[in-house]
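Working notes, beginning with the structure itself.
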Amino acid sequence: MTTAAQIRAARALLGITVDELSARSGVSSFLILQCEAPTGSALDGATLHHLRETLEGLGVSFLSDGDCVIGGEGVRLTKRDETGEGIRPENLNATNDG
-12 MTTAAQIRAA RALLGITVDE LSARSGVSSF LILQCEAPTG SALDGATLHH
38 LRETLEGLGV SFLSDGDCVI GGEGVRLTKR DETGEGIRPE NLNATNDG
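The opening position of the sequence shown corresponds to residue -12 in the numbering used here, with each subsequent residue numbered one higher.
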């Protein structure tokens, strides 16, 4: 089951605000804040599932307890920001030395 801490962590990893997640998911900012609260008071199944799908689409993978050799539940990035990859070492030369 996805937790409030995982939703908060996923949003932080992606560097998006509550308002940005709200715009992308269609879930109100207020409800997202309630979902992210330590008590997770608004963690109904449909809202949680929708937020998780939205965050997964943005490049986060949700981990359940036992998915890794060590550690518990969590999140990780699954997609890289392609704009910041730079030039591969084998392609470096005097013309692209900046």
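By construction, the Cβ of each residue, glycine as well, lies at the ideal position given by its N, Cα and C atoms. Small disclaimer: the values here were computed from a predicted structure and weren't measured.
Residue 37 versus residue 77 - alpha carbon distance
The residue you call residue 37 lines up with position 50 of the sequence shown. The residue you call residue 77 lines up with position 90 of the sequence shown. Our two residues, residue 37 and residue 77, have alpha carbons roughly 42 angstroms apart in a direct line.
Ignoring anything shorter than 4 residues or poking outside the stretch 22 to 52, list the alpha helix (DSSP H) runs there in chain order.
Complete alpha helix (DSSP H) runs here, min 4: 32 to 44.
Which listed residue (16, 50, 13) has its alpha carbon closest to that of residue 65
Within the sequence shown, numbered from 1, the residue matching residue 65 stands at position 78. Among 16, 50, 13, the Cα nearest to that of residue 65 belongs to 50.
Quick check on residue -3: buried or exposed, where buried means 16 or more other Cβ atoms within 10 Å of its Cβ?
By one-based count along the sequence shown, residue -3 stands at place 10. Answer is buried; the Cβ neighbour count reaches 16.
Have a look at 81, -6, 75 and flag the residue whose alpha-carbon is nearest the alpha-carbon of residue 45.
If you number the sequence shown from 1, residue 45 lands on position 58. Check the Cα spacing between residue 45 and each of 81, -6, 75: the tightest is with -6.
Limits of the unbroken alpha helix (DSSP H) element including residue 5:
Sequence index remark: in the sequence shown, residue 5 carries index 18 (1-based). In this chain, the alpha helix (DSSP H) harbouring residue 5 covers 5 to 12.
Taking C-alpha atoms, which residue in 32, 17, 80, 9 lies nearest to residue 42?
In the sequence shown, residue 42 corresponds to position 55, counting from 1. It is 9.
State yes or no: is the C-beta of residue 23 within less than 8 angstroms of the C-beta of residue -1?
Numbered from 1 along the sequence shown, position 36 holds the residue referred to as residue 23. Numbered from 1 along the sequence shown, position 12 holds the residue referred to as residue -1. Not a contact, by the Cβ cut-off of 8 angstroms.
Quick check: what's the CA-CA separation for residue 87 versus residue 25?
The chain is shown from -12 up to 85; residue 87 falls before or after that span and cannot be answered.
Under a three-way DSSP split, which group does residue 79 fall into?
Position 92 of the sequence shown, counted from the first residue, corresponds to residue 79. Here DSSP, grouped into helix, strand and coil, assigns residue 79 to coil.
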